[in-house]
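Protein sequence lines correspond, in order, to chains P and S. Per this note's numbering, residue 1 is the first one in the first sequence, and the count goes up by one each step. Per this note's numbering, residue 354 is the first one in the second sequence, and the count goes up by one each step. Have a look at the structure below, then the notes.
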Amino acid sequence: MSVQETASSDPLVTEETRRLNMIEAINEALDIMLARDPDVIIMGEDVGYFGGVFRATAGLQEKHGKTRVFDTPISECGIIGVAVGMGAYGLRPVPEIQFADYIYPGLDQLISEAARLRYRSAGEYIAPMTVRSPFGGGIFGGQTHSQSPEAIFAHVSGLKTVIPSTPHDAKGLLIAAIEDNDPVIFFEPKRIYNGPFSGYYDKPVEPWKKHRDSKVPEGYYKIPLGKARIVQEGEAMTVLTYGTMVHVAEAVCAAKGVDAEILDLRTLVPLDIEAIEKSVKKTGRCLIVHEATRTAGFGAELSALVTERCFYHLEAPVDRVTGFDTPYPHSLEWAYFPGPVRIGEAIDKLLKD
Amino acid sequence: MADRPEGTAAQGSNKPVLSLHVPEPKYRPGDTVDFSHIGVTRPGDQPRPDEVCHASETAPLTLDLVRVLGDDNKAHGPWDPKLDPETLRQMLRHFAMVRAFDARMYRGQRQGKTSFYMKCTGEEATSISAAMALASDDMVFPSYRQQGILIARGYSLVEMINQIYSNRGDKLKGRQLPIMYSSREHSFFSISGNLATQTPQAVGWAMASAIKGDSRIAATWVGEGSTAEGDFHSACTFAAVYNAPVILNVVNNQWAISSFSGFAGAERTTFAARAVGYGIAGIRVDGNDPLAVYAAERWAANRARANAGPTLIEHFTYRAEGHSTSDDPSQYRSAHESDEWPLGDPVNRLKKHLIALGEWDEERHAAMDLACAEEVKAATKEAEKNGILGHGLHHPFATMFEDVFEELPWHLVEQSKQAIHEREVKFPEGRPK
Ligand SMILES: Cc1ncc(C[n+]2csc(CCOP(=O)(O)OP(=O)(O)O)c2C)c(N)n1
Ligand SMILES: [Mg+2]
Chain P
1 MSVQETASSD
11 PLVTEETRRL
21 NMIEAINEAL
31 DIMLARDPDV
41 IIMGEDVGYF
51 GGVFRATAGL
61 QEKHGKTRVF
71 DTPISECGII
81 GVAVGMGAYG
91 LRPVPEIQFA
101 DYIYPGLDQL
111 ISEAARLRYR
121 SAGEYIAPMT
131 VRSPFGGGIF
141 GGQTHSQSPE
151 AIFAHVSGLK
161 TVIPSTPHDA
171 KGLLIAAIED
181 NDPVIFFEPK
191 RIYNGPFSGY
201 YDKPVEPWKK
211 HRDSKVPEGY
221 YKIPLGKARI
231 VQEGEAMTVL
241 TYGTMVHVAE
251 AVCAAKGVDA
261 EILDLRTLVP
271 LDIEAIEKSV
281 KKTGRCLIVH
291 EATRTAGFGA
301 ELSALVTERC
311 FYHLEAPVDR
321 VTGFDTPYPH
331 SLEWAYFPGP
341 VRIGEAIDKL
351 LKD
Chain S
354 MADRPEGTAA
364 QGSNKPVLSL
374 HVPEPKYRPG
384 DTVDFSHIGV
394 TRPGDQPRPD
404 EVCHASETAP
414 LTLDLVRVLG
424 DDNKAHGPWD
434 PKLDPETLRQ
444 MLRHFAMVRA
454 FDARMYRGQR
464 QGKTSFYMKC
474 TGEEATSISA
484 AMALASDDMV
494 FPSYRQQGIL
504 IARGYSLVEM
514 INQIYSNRGD
524 KLKGRQLPIM
534 YSSREHSFFS
544 ISGNLATQTP
554 QAVGWAMASA
564 IKGDSRIAAT
574 WVGEGSTAEG
584 DFHSACTFAA
594 VYNAPVILNV
604 VNNQWAISSF
614 SGFAGAERTT
624 FAARAVGYGI
634 AGIRVDGNDP
644 LAVYAAERWA
654 ANRARANAGP
664 TLIEHFTYRA
674 EGHSTSDDPS
684 QYRSAHESDE
694 WPLGDPVNRL
704 KKHLIALGEW
714 DEERHAAMDL
724 ACAEEVKAAT
734 KEAEKNGILG
744 HGLHHPFATM
754 FEDVFEELPW
764 HLVEQSKQAI
774 HEREVKFPEG
784 RPK
């Protein structure tokens, strides 16, 4: 089953598809939601007139007005805090944090407040916000423009964590996230905003327009949170991954001619455990790939789940390929990045065992 | 939408309808610019309270604008720091050097020698003149736009460029984004990419200095946009509570990337006026007037050293160029703003002042500019021997794992081996030169 088939067999996809890059797809999702739901508002540093430092909100203020799409003071604590208040009123805020690396001043509002509001008020109040933020490295952004902190959020009860890997998914997942009544962290892999990244950094970048997953249907459609995507079916092993690393894993498997089944998790919480179990039980081998640091990374959770649930089907120990446990270095970016060599060797080892 | 309280309150009642105010800058791309609403005060008119006065005595100064240099290029009034010509020439040379350095590094980024650069054009006085008013061992906690401090403190250009190129000569081991310097030797704190974090740290350093009965003070710099961060307000509160010997410099260059100062509260009051609420001294100074900046910083330094407490200084200036090499300001602001800026250019103003004093002339100025450009060029050549970003001459892979902790735990030892192994796989014949 190819991805095109998945997309076109989706009952929600009725209209024609065009090719968009990930920024355009995100912009379109926001535009659609602003038009559909008068309670949706967008705010963040530089998102208004300028349209965001990555242009994700370009044109939206002009189209929907200054009280729907607006700039904020440089205070992530303030941005998330007022989003909690707006949610309490009944709005559906979609705040942007300019880089995931800058979300930390907002953590108290996110972890102690947004994530727990439904629970502590027994459902009287909710925080239906979607916090969008570019994350991940591979752009020579140094340690404050490259982090992948998704595990911190996945660890917090009450937060959903979503990470798209294609323009098609970015649009459908973002619409689903905005409509979701719980707080959602929506991390956008900035390295693949303009084109998928194979991990072979010395090769020219392929633009999205040439990629099969850049076909983005017009209009409104949703991809449910908690459903993984089978990037490719295979028998030899299962690769669990998300974000930029989906493309890297795919390229490495192709280069090595490995018949791997690659699962793009799409959401870490809620997790598509069914798809994971099904695949690992079929292949008997499991490799987890993420760019984030290793220790207590989301890979550790995945590894534990797979071991707990598929132990008697495993032919080899579950393995993880991750970033190193250091801050993201500037000049040694490609030594840090879990690229083709690290993934390739892990695949060899997994198949040998 | 499901599962949420009813959203719309009783509209159509006789209560007034609320509306949200969203700030908007006066000028956008293409607009002609008129800055006549900016209150440009008369140089020399502002009173200079005693350095150990009660903080409330400075309250009027937080809404004023301290200026010294007049249109006649002469120094006026009680804030004239009365610097000797040699010091002024030195200051001018630091200005010229920073400009030459910025020009070259900006070009270097465009030529692909590094990933990123940030200029401070138009704001040179806010770092250089201020740094010159401090003792050289007073501790500074800068933001990313105070390269002038390092130049004023005599930091080596080659070291700066090594850092910008992230090459094997970079003493920060190529880890930090360009311009995120650190030099303990120059009492210059390691720069963070996370805004405003340095402000409470400066207060903490100052508190430590007071705890230990030291005589050194601390100073920090933060952009006006970044004063919205909670860290800045914690800094002000701690500074006030402990009467910390610290100077909080707010560089109001009107813009925070594409957001004008109104998004940090400038439509309501000045940034200096924040001081009043915290009960600390505050001064609003013409940030493009090198003498006024020097005088304000010296006033605050003397106050701190006399145990009279912290001062918040707003440097009213203008970011004459883009936010960084990643930014195109023509997308969001009028290109005429910079030309129309009513407070002029700090380099030009200092130069004209020295000429008016009979201590400088155009020929010497041109020669100085040339000499600075040559010095920067030579330093660039020297630094390039250590490599440029992405061209092989970086620190060894093992260094990536150092300094995460004082000692390497087992997992970093393993990961270090893995990194070196990967290098050998990728470059079996050794790294290309
Ligand atoms: C915590 C945090 N949030 C956001 C950013 C992204 N960012 C970098 S610079 C900047 C604007 C800062 O403006 P200002 O404080 O006025 O300083 P200026 O650049 O004008 O010197 C922003 C939003 C950041 N670096 N850190
Ligand atoms: Mg600013």
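All residues carry an ideal CB built from backbone N, CA and C; glycine is no exception.
Around the beta carbon of residue 406 of chain S, fewer than 16 other beta carbons lie within 10 angstroms, which makes this residue exposed. Within chain P, not a single residue places a beta-carbon under 7 Å from that of residue 423 of chain S; the smallest gap is close to 35 Å. Shortest gap from the CB of residue 548 of chain S to any heavy atom of ligand 1: under 7 Å.
Contacts with chain P at 8 Å (Cβ-Cβ) do not include residue 782 of chain S. When DSSP reads this structure, residue 18 of chain P sits in a beta bridge with P/216. Contact note: residue 765 of chain S reaches chain P through 325, using a C-beta cutoff of 7 Å and chain order.
Contact annotation: residue 44 of chain P and residue 124 of chain P have beta-carbon atoms that are not nearer than 8 Å.
Within the segment 326-338 of chain P, contact with chain S at the beta-carbon level (separation under 8 Å) is assigned to 326, 327, 329, 330, 331, 332, 335, 336.
Put simply, the CB of residue 53 of chain P is near chain S, with a gap under 8 Å to one of its CB atoms. Contact of residue 460 of chain S with chain P by beta-carbon distance below 9 Å is absent, the smallest such distance being about 18 Å. When Cβ pairs closer than 8 Å are counted between the two stretches, the segment 571-586 of chain S is seen not to touch the segment 455-466 of chain S, the count staying below three. Note on geometry: alpha-carbon atoms of residue 677 of chain S and residue 471 of chain S lie some 4 Å from one another. Rounded to the nearest whole angstrom, the CA to CA distance from residue 275 of chain P to residue 473 of chain S is 53 Å. Under the DSSP assignment, residue 769 of chain S falls in the alpha helix (DSSP H) whose first and last residues are 763-779. For the segment 58-71 of chain P, the beta-carbon criterion of a distance under 8 Å to any beta-carbon of chain S is satisfied by 66, 67, 70, 71. Per DSSP, residue 691 of chain S lies in no beta strand (DSSP E); the unbroken alpha helix (DSSP H) holding it starts and ends at 689-693.
Secondary structure at residue 658 of chain S: helix, using DSSP grouped into helix, strand and coil. Within 8 Å of the CB of residue 753 of chain S, the CB atoms of chain P belong to 324, 326, 329, 332, 335, 336, in sequence order along the chain. Residues of chain S whose Cβ lies closer than 7 Å to the Cβ of residue 191 of chain P do not exist; the shortest such Cβ separation is about 14 Å. When the Cα atoms are used, residue 267 of chain P and residue 289 of chain P turn out to be separated by approximately 15 Å. According to the DSSP secondary-structure assignment, residue 124 of chain P is paired through a beta bridge with no residue. Taking a beta-carbon distance threshold of 8 Å, residue 588 of chain S does not count as an interface residue toward chain P.
Sequence-distant partners of residue 593 of chain S (beyond 5 residues in either direction) whose C-beta falls short of 6 Å from its own C-beta, in its chain, are 631, 632, 633. Annotation: the continuous beta strand (DSSP E) that includes residue 601 of chain S extends over 599-605. Within a 10 Å sphere around the beta-carbon of residue 35 of chain P sit fewer than 16 other beta-carbons, which makes this residue exposed. Only those residues of the segment 662-686 of chain S whose C-beta falls short of 7 Å from the nearest C-beta of chain P are listed: 684, 685.
Secondary structure note for residue 160 of chain P: it is in no alpha helix (DSSP H), and the uninterrupted beta strand (DSSP E) holding it is 160-162.
Within the chosen limit of 7 Å, ligand 2 does not reach the beta carbon of residue 501 of chain S with any heavy atom. Residue 513 of chain S carries a helical assignment under DSSP once its states are collapsed to helix, strand and coil.
Taking C-beta atoms as the reference points, residue 149 of chain P and residue 114 of chain P fail to come closer than 8 Å.
When DSSP states are grouped into helix, strand and coil, residue 165 of chain P belongs to the coil group.
Counting every other CB atom within 10 Å of its CB across the protein chains shown gives residue 71 of chain P a total of 16 or more, marking it as buried. Taking 7 Å as the cut-off, the C-beta of residue 659 of chain S does not count as close to any heavy atom of ligand 2. Taking non-hydrogen atoms of ligand 1 into account, the C-beta of residue 464 of chain S is found less than 7 Å away from none of them. Just so you know, the alpha carbons of residue 476 of chain S and residue 317 of chain P end up roughly 58 Å apart. About 3 Å separates the beta carbons of residue 397 of chain S and residue 429 of chain S, which is inside the 8 Å limit, making them a contact pair.
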